[in-house]
Amino acid sequence: MNDHVTEEISFDDFDELVNPKPETCDFDDVVERAIDRRDFLGGVLAFGGVAMVGGGLATEAKAAAHASSRFAFEQIATSTADDIVVPPGYSFEIVAKWGDPLTSVGVPFDHKTRGTAATQAIAFGDNIDGMEIFEDDQHTLIVVNNEYTNRKVIWEGGVPESDDDVNKGKMAHGLTIVEVADGDNGWGVVMDSPFNRRVTPDTPMEITGPARGHDLMKTAADPTGVQSLGTWNNCGSGRTPWGTYLACEENFNGYYSAEDEAHEVSPELARYGVSSKDWGYGWARTDERFDVAKHPNESNRNGWIVEVDPTDPDSTPKKRTALGRFKHENAEVVINNDGRVVIYMGDDERGEFLYRYISNGTYAPGNDTDGLMENGTLYAAKFADDGTGVWMSLSAEATGAASEGEALIHARMGGSKVGATTMDRPEWVAANPNKAEVYCCLTNNKNRGVKTNRGGDETPVGGPNPREANKYGQIVRWWPDGADHTSEGFTWDLFVMAGNPTVHTDSRAGSSNVNEGNMFNSPDGLAFDHSGLLWIQTDGKYTNEGDFAGQGNNQMLAADPATGEIRRFMVGPKECEVTGLTWTIDRKTMFVGIQHPGERGDSQWPDGSTPRSAVVAIRRDDGGLIG
Ligand code: FEO
Ligand code: CA
Ligand code: CA
Numbered sequence: 141m142n143d144h145v146t147e148e149i150s151f152d153d154f155d156e157l158v159n160p161k162p163e164t165c166d167f168d169d170v171v172e173r174a175i176d177r178r179d180f181l182g183g184v185l186a187f188g189g190v191a192m193v194g195g196g197l198a199t200e201a202k203a204a205a206h207a208s209s210r211f212a213f214e215q216i217a218t219s220t221a222d223d224i225v226v227p228p229g230y231s232f233e234i235v236a237k238w239g240d241p242l243t244s245v246g247v248p249f250d251h252k253t254r255g256t257a258a259t260q261a262i263a264f265g266d267n268i269d270g271m272e273i274f275e276d277d278q279h280t281l282i283v284v285n286n287e288y289t290n291r292k293v294i295w296e297g298g299v300p301e302s303d304d305d306v307n308k309g310k311m312a313h314g315l316t317i318v319e320v321a322d323g324d325n326g327w328g329v330v331m332d333s334p335f336n337r338r339v340t341p342d343t344p345m346e347i348t349g350p351a352r353g354h355d356l357m358k359t360a361a362d363p364t365g366v367q368s369l370g371t372w373n374n375c376g377s378g379r380t381p382w383g384t385y386l387a388c389e390e391n392f393n394g395y396y397s398a399e400d401e402a403h404e405v406s407p408e409l410a411r412y413g414v415s416s417k418d419w420g421y422g423w424a425r426t427d428e429r430f431d432v433a434k435h436p437n438e439s440n441r442n443g444w445i446v447e448v449d450p451t452d453p454d455s456t457p458k459k460r461t462a463l464g465r466f467k468h469e470n471a472e473v474v475i476n477n478d479g480r481v482v483i484y485m486g487d488d489e490r491g492e493f494l495y496r497y498i499s500n501g502t503y504a505p506g507n508d509t510d511g512l513m514e515n516g517t518l519y520a521a522k523f524a525d526d527g528t529g530v531w532m533s534l535s536a537e538a539t540g541a542a543s544e545g546e547a548l549i550h551a552r553m554g555g556s557k558v559g560a561t562t563m564d565r566p567e568w569v570a571a572n573p574n575k576a577e578v579y580c581c582l583t584n585n586k587n588r589g590v591k592t593n594r595g596g597d598e599t600p601v602g603g604p605n606p607r608e609a610n611k612y613g614q615i616v617r618w619w620p621d622g623a624d625h626t627s628e629g630f631t632w633d634l635f636v637m638a639g640n641p642t643v644h645t646d647s648r649a650g651s652s653n654v655n656e657g658n659m660f661n662s663p664d665g666l667a668f669d670h671s672g673l674l675w676i677q678t679d680g681k682y683t684n685e686g687d688f689a690g691q692g693n694n695q696m697l698a699a700d701p702a703t704g705e706i707r708r709f710m711v712g713p714k715e716c717e718v719t720g721l722t723w724t725i726d727r728k729t730m731f732v733g734i735q736h737p738g739e740r741g742d743s744q745w746p747d748g749s750t751p752r753s754a755v756v757a758i759r760r761d762d763g764g765l766i767g
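Residue numbers (the working numbering): 141 to 767.
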């Protein structure tokens, strides 16, 4: 999420209106940096900068693309239909939808009322984002984040009228854990499975790691700062090799408000976008902890990575504070050659940072894993224009914080202090399973070269963020020095710059691996399958006009990391985002999330009625491997 609309503006834009960022870059600076950028692009852009110099070389790129046989599907055309499109020889089926009951106590989704707080609390949550599968011989569990809810869809008129309306919206947030099975009618929910569970904004969570018990974590309801209630606005996901799910708290700020709208929050809360005005969910109305004037520390208890054991429905989720507090996108877990756990994470806000965590201990199957995300060091990335970069420690010593707990609660300020690179909204990170190589979607950033980030850090055009007022986004990738994910240094390039070569001939046309046939904007979800194919999901503009002409609805593409070839595999229904992606172990089914179809009112997918976020299964008609 982030480009998603609340009323007519995105959450990011709402936060900027409430807490404007200073305009610091004057026009001369922008022009100068744009000129530098052209030189730079020739140097470190992967697959050559051919699209930069116009259409002449585009044919060469197309010919190269056709020569490849890495993909087991034919590229599909863009689409503006209110349905899912997959390649010839592939089919999709709906597995579960927002509001589907998980137990026989529940009731089927009511298209007229859209349910109550009580029915929603035991039904599939709304707006699916991160998704992971957990399989053994007997059970297949899917865990999804239910990032947020569209107010105009869940409530008639877009405003909660009753307290039950408010609580229904709240219960549509959190996680859904569900057992699924491949039956006579295809994949579907196993009703009443003992694994079926909702984790909501009211579920008790244990706070672990260096910030546990810190003064900034203490509240009236929890004077020792060790247990908080709930998780919400979980965006991307992660999974550990020891079989747990990682839910990543992103835009947690917009749920807080103050009865007194003139109340001013502290600069530390303002850096995280917390303000006296919420986005309209009204949670403070039924739950006082969301009144930031009365309980300012409550919001310090969000913005974390939450570890959940999906196989134990009675387990208490754990907030892993060692991984830092920011607007988390996903958490890509890598086991380094020496057994240490390395976790790459993005902070998705304009001009925020890219992070890495390294555990002190090492992972070995069967050993205790509880300390691996409690004891370690957090870093932020600093990129140089010459294609190198370094990871900067965010320890208390490095940042001047009073304690490790404070350094993690205020990780963003630590990143500013050490001079980390302000990025074009880092979304999902994905590590190549076949080599020490990592990719991150930088989705777009209209403030690049125009405004500072929320902390006042400059956002110069350059490095992995080479286009001012970046509309299309890019994917950066890096190689840790010595193929060691714990190395201080790395080298990097841009795997792709999205763009529109049918509209532009400058850098907005995109890199050479973007053409009229595969173009897209705003890469967001990103995951490798076990074969080493990289899958890209988009959360971008779907106007199909102007800068985005010919790009259709949001989509999913597959990329060959070796050649840079990118092919469109799927297009989603109207006004949706395609997000969340996982595969069965045999790679014969791919599960994909469709989030916020009809967010502006123009979709009736998938039932021909109320638009509903859904998990979709995609298979090959011949039963072969996907991709
Ligand atoms: Fe929830 Fe950054 O997307
Ligand atoms: Ca996202
Ligand atoms: Ca996004």
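Glycine included, each C-beta is placed from N, C-alpha and C at the ideal position. These numbers come from a predicted model, not from an experiment.
Inset, instruction - For the region 354-401, list the alpha helix (DSSP H) runs that are entirely contained and at least 4 residues long, ordered along the chain. - result: none
Inset, instruction - Answer with buried or exposed for valine 756, where buried requires no fewer than 16 other C-beta atoms within 10 angstroms of its C-beta. - result: buried
Legend entry - CB of methionine 345 within 8 Å of CB of serine 368, strictly: yes
Legend entry - Residue burial classification, isoleucine 175 (beta-carbon count within 10 angstroms, cutoff 16): Caution is warranted here: a pLDDT of 36 is assigned to isoleucine 175, below 50, making its placement in the model unreliable, and no coordinate value can be reported.
Inset, instruction - Quick one: residues in its chain with C-beta nearer than 6 Å to the C-beta of arginine 752, no 5 flanking neighbours on either side, listed in chain order? - result: Lys237 and Trp238
Inset, instruction - Tell me the start and end of each unbroken alpha helix (DSSP H) in the region 533-601 that is at least 4 residues and wholly inside, in chain order. - result: 536-539, 544-549 and 551-558
Inset, instruction - Determine the contact status of valine 711 and glutamine 735, defining contact as a CB-CB distance below 8 Å. - result: no
Inset, instruction - Check whether the region 388-406 touches the region 421-441, counting contact only when three or more Cβ pairs, one atom from each stretch, lie closer than 8 Å. - result: Proximity of the region 388-406 to the region 421-441 meets the contact definition, three or more beta-carbon pairs being nearer than 8 Å.
Inset, instruction - Note the first and the last residue of the continuous alpha helix (DSSP H) segment covering glutamine 260. - result: 257-261
Inset, instruction - Indicate whether the contact test is met: 3 or more Cβ pairs, each with one atom in the region 619-630 and one in the region 640-651, closer than 8 Å. - result: no
Inset, instruction - Measure the Cβ-Cβ separation of glutamate 492 and asparagine 593 and say whether it is below 8 Å. - result: yes
Legend entry - Neighbourhood of isoleucine 149 by C-beta distance below 8 Å, restricted to the same chain and skipping five residues each side: Leu157
Legend entry - Alpha carbon of threonine 561 to alpha carbon of proline 457, nearest angstrom: Cα atoms of threonine 561 and proline 457: separation of roughly 32 Å, rounded to the nearest angstrom.
Inset, instruction - Look up methionine 659 in the DSSP assignment and say whether it is helix, strand or coil. - result: coil
Legend entry - Cβ neighbour criterion (16 or more within 10 Å) applied to glutamate 389: buried
Legend entry - Residues near arginine 337 by beta carbon distance below 6 Å, same chain, minus five either side: Ile317 and Pro453
Legend entry - Local conformation of glutamate 404 per DSSP, three classes: coil
Legend entry - beta strand (DSSP E) runs contained entirely in the region 606-666, provided each spans 3 or more residues: 614-620 and 629-637
Inset, instruction - For aspartate 153, verify whether its CB is less than 7 Å away from any heavy atom of ligand 3. - result: No.
Inset, instruction - From the DSSP output, in three-state form, read off phenylalanine 688 for me. - result: helix
Legend entry - Proximity test, glutamate 489 beta-carbon vs ligand 3 heavy atom, cut-off 7 Å: no
Legend entry - Start and end residues, beta strand (DSSP E) containing arginine 291: No beta strand (DSSP E) contains arginine 291, which is instead part of the alpha helix (DSSP H) from 291-294.
Inset, instruction - State the Cα-Cα distance for the pair aspartate 304 and threonine 364, rounded to the nearest angstrom. - result: 31 Å
Legend entry - Own chain residues within Cβ distance below 6 Å of alanine 321, not counting five before or after: Val330
Inset, instruction - Report yes if the CB atom of threonine 517 is closer than 8 Å to the CB atom of serine 533, and no otherwise. - result: yes
Legend entry - Enclosing alpha helix (DSSP H) for valine 414 [first to last residue]: It is not in any alpha helix (DSSP H) - valine 414 carries neither H nor E in the DSSP assignment.
Inset, instruction - May I ask which residues mark the beginning and end of the beta strand (DSSP E) holding threonine 456? - result: Looking at the DSSP string, threonine 456 is not in any beta strand (DSSP E), and its letter there is neither H nor E.
Legend entry - Distance, proline 701 Cα to asparagine 572 Cα: Each residue's alpha carbon lies about 9 Å from the other.
Legend entry - DSSP-derived helix/strand/coil call for arginine 352: coil
Inset, instruction - Enumerate in chain order the residues of its own chain whose CB-to-CB distance from histidine 657 is below 7 Å, with the five nearest sequence positions on each side excluded. - result: Note that residue 657 is glycine in the sequence shown here, rather than histidine. So the qualifying residues of the chain are Gln215.
Legend entry - Cβ-based neighbour list, proline 160, same chain, cut-off 7 Å, excluding 5 preceding and 5 following: none
Legend entry - Contact belief for aspartate 669 with glycine 767 at Cβ below 8 Å, rounded distance in angstroms: 6 Å
Legend entry - Range of the contiguous beta strand (DSSP E) that encloses leucine 157: Not the beta strand (DSSP E): leucine 157 falls in the alpha helix (DSSP H), residues 151-158.
Inset, instruction - Starting from the Cα of threonine 729, find the closest Cα among Glu272, Glu447 and Thr220 and give me that residue. - result: Glu272
Legend entry - Where the beta strand (DSSP E) through aspartate 303 begins and ends: Looking at the DSSP string, aspartate 303 is not in any beta strand (DSSP E); the run it does join, the alpha helix (DSSP H), is 303-311.
Legend entry - Inter-residue CB distance, asparagine 587 and arginine 490 (contact presumed, cutoff 8 Å): 5 Å
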